[in-house]
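Each number in this note's numbering corresponds to the 1-based position in the sequence shown with 487 added.
Think of the CB as a built atom: it goes at the ideal place given N, C-alpha and C, for glycine as much as any other residue.
Each remark here refers to the structure printed beneath this line.
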Amino acid sequence: MSKKVLVIYYTQSGQLENILQEFCKPLSDAGHQLEWLRVYPQTPYPFPWKGNSFFTVMPNCVHGVPTPLQPFELKSASYDLVVFGYQAWFLSPSIPSNSILQDPEIKKILKNTPVITLTGARNMWISAMERIKTSLKNQDAKLVGNIALVDRHANLISFITIFYWMLTAKKDKFLNIFPPPGVSQQDVLNAARFGTIVGPYLKMGNFEGMQDELLKSGAVEIKYNLMFIESKARRIFAVWAAFISKRKNKNFWLQVYKYYLLIALFIAAPIILSVDAVLFKPFLTKRIAEQKRYYSGVN
Ligand SMILES: Cc1cc2nc3c(=O)[nH]c(=O)nc-3n(C[C@H](O)[C@H](O)[C@H](O)COP(=O)(O)O)c2cc1C
488 MSKKVLVIYY TQSGQLENIL QEFCKPLSDA GHQLEWLRVY PQTPYPFPWK
538 GNSFFTVMPN CVHGVPTPLQ PFELKSASYD LVVFGYQAWF LSPSIPSNSI
588 LQDPEIKKIL KNTPVITLTG ARNMWISAME RIKTSLKNQD AKLVGNIALV
638 DRHANLISFI TIFYWMLTAK KDKFLNIFPP PGVSQQDVLN AARFGTIVGP
688 YLKMGNFEGM QDELLKSGAV EIKYNLMFIE SKARRIFAVW AAFISKRKNK
738 NFWLQVYKYY LLIALFIAAP IILSVDAVLF KPFLTKRIAE QKRYYSGVN
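Now the structure itself:
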């Protein structure tokens, strides 16, 4: 029997939309009814971002402050599955993604509804997803699947190329030297294999065991170093966000934060990771495996 699926998301470059389209192809091919809802904030976020505007959203991202969305209409009062596409901004759900979850109409839809989350991130989406998990739990939604596509290049490389992409809106090779930013075209196209896995579960209306199958197919890959950096950075971002929110001269402090970020990532993080690799990581194998299992899962 054909099922009703709501695909809801925000995207700036269209990357997330492309991933969702590939992911959903097997579902529409199987005859399920897909309703697409791309949301737009009433005050758009710039794309390409202009210099400092990129950093000005940090405190509100971290504090989960929503922004009003343009009005939208849903065709149904309930769905068999919601596919929620989100992106991380400053290790938090992006402001538009967070606004989707806080929208009263969406909250009604989410109640008792199976949800699959899907992101197209640089490489640090775990903290954002943890907040989304909490939000979904609070709304009695049933998280049944989680898929995270990332830029697979080295952390420092993708940090440079994402700025090039975000500040120019060009998803091509910076200086003709760096690799293209974001999720690779190959990975975007491969998202269809996850949709193929979801299909039979959707048809049955029972998603038990689906995430395990998605994981076997590479829906989530957690790298220790990134998980480690993110866990430290999440706490530090919270301190920065609280500090900057209270300052009168926010722009000055956002500049300081920007330079802090560069130093933290390019100088401090490699040193801390090296120390950790020698002194702590070898003795925490079991705990690390548990953390990876937890972050890959939907509980
Ligand atoms: C302001 C801002 C902050 C971002 N912060 C993160 C982040 O913390 N972690 C991450 O993996 N990606 C981060 N990204 C990249 C986005 O998650 C996403 O991959 C990119 O913006 C493309 O998404 P789109 O489909 O909206 O164009 C950030 C992007 C922006 C614009």
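Query, Result
"Determine, using beta carbons only, whether ALA678 and LEU636 come nearer to each other than 8 Å.", "yes"
"Is it the case that the Cβ atoms of VAL765 and ILE506 are separated by a distance below 8 Å?", "no"
"Nearer than 7 Å: is that true of the beta carbon of SER500 relative to any heavy atom of ligand 1?", "yes"
"Using CA coordinates, which residue listed in LYS537, THR648, MET653 is at the minimum distance from PHE661?", "THR648"
"Assign MET653 to one of two classes, buried (16 or more other C-beta atoms within 10 Å of its C-beta) or exposed (fewer than that).", "buried"
"Less than 8 Å between the beta carbons of TYR573 and THR621, yes or no?", "no"
"Kindly provide the ranges of any beta strand (DSSP E) runs that are 3 or more residues long and lie completely inside the region 622-651, ordered along the chain.", "629-637"
"Is any heavy atom of ligand 1 found at a distance shorter than 7 Å from the C-beta of MET714?", "no"
"Just to confirm the assignment: which complete alpha helix (DSSP H) runs, minimum length 4, are found wholly within the region 511-599?", "540-543, 545-550, 582-589, 591-597"
"Quick check on this structure: which residue in PRO533, SER515, GLN778 has the alpha carbon closest to the alpha carbon of GLU717?", "GLN778"
"Identify the continuous beta strand (DSSP E) that holds THR604 and give its terminal residues.", "601-608"
"Hey, out of GLY632, ASN539, LEU578, whose CA is closest to GLU700's CA?", "GLY632"
"Buried or exposed for ARG722, please, with buried defined as at least 16 other CB atoms from any protein chain shown within 10 angstroms of its CB.", "exposed"
"What's the gap between the Cα of GLY864 and the Cα of LYS733?", "Residue 864 lies beyond the residue range present for the chain, which begins at 488 and ends at 786; the question has no answer from this structure."
"How many angstroms separate the CA atom of ALA641 from the CA atom of SER489?", "42 Å"
"Measuring CB atoms only, is the region 747-765 touching the region 671-691, in the sense that at least three cross pairs come out at less than 8 Å?", "no"
"Check whether the Cβ of PHE665 lies closer than 7 Å to any heavy atom of ligand 1, and answer yes or no.", "no"
"Spatial neighbours of GLN626 within its chain, please: C-beta separation below 8 Å, excluding the five flanking residues on both sides.", "LEU588, LYS594, LEU597, LYS598"
"Grab me the residues of PRO687's own chain with a C-beta within less than 6 Å of its C-beta, minus the 5 sequence neighbours each way, in chain order.", "none"
"Under DSSP, the beta strand (DSSP E) around LYS491 begins and ends at which residues?", "491-496"
"Let me know the secondary structure DSSP gives PHE665 once reduced to three states.", "coil"
"Taking DSSP as the reference, what is the three-state secondary structure of TRP727?", "helix"
"Under the rule that 16 or more other beta-carbon atoms within 10 Å means buried, what is GLU509, buried or exposed?", "buried"
"Should ILE775 and TYR711 be called a contact, given that it needs their Cβ atoms to be closer than 8 Å?", "yes"
"In whole angstroms, give me the CA-to-CA distance for PRO769 and MET714.", "16 Å"
"Leaving aside the five residues before and after ALA608 along the sequence, list all residues of the same chain whose C-beta is less than 7 Å from its C-beta, in chain order.", "GLN574, ALA575, ALA635, VAL637"
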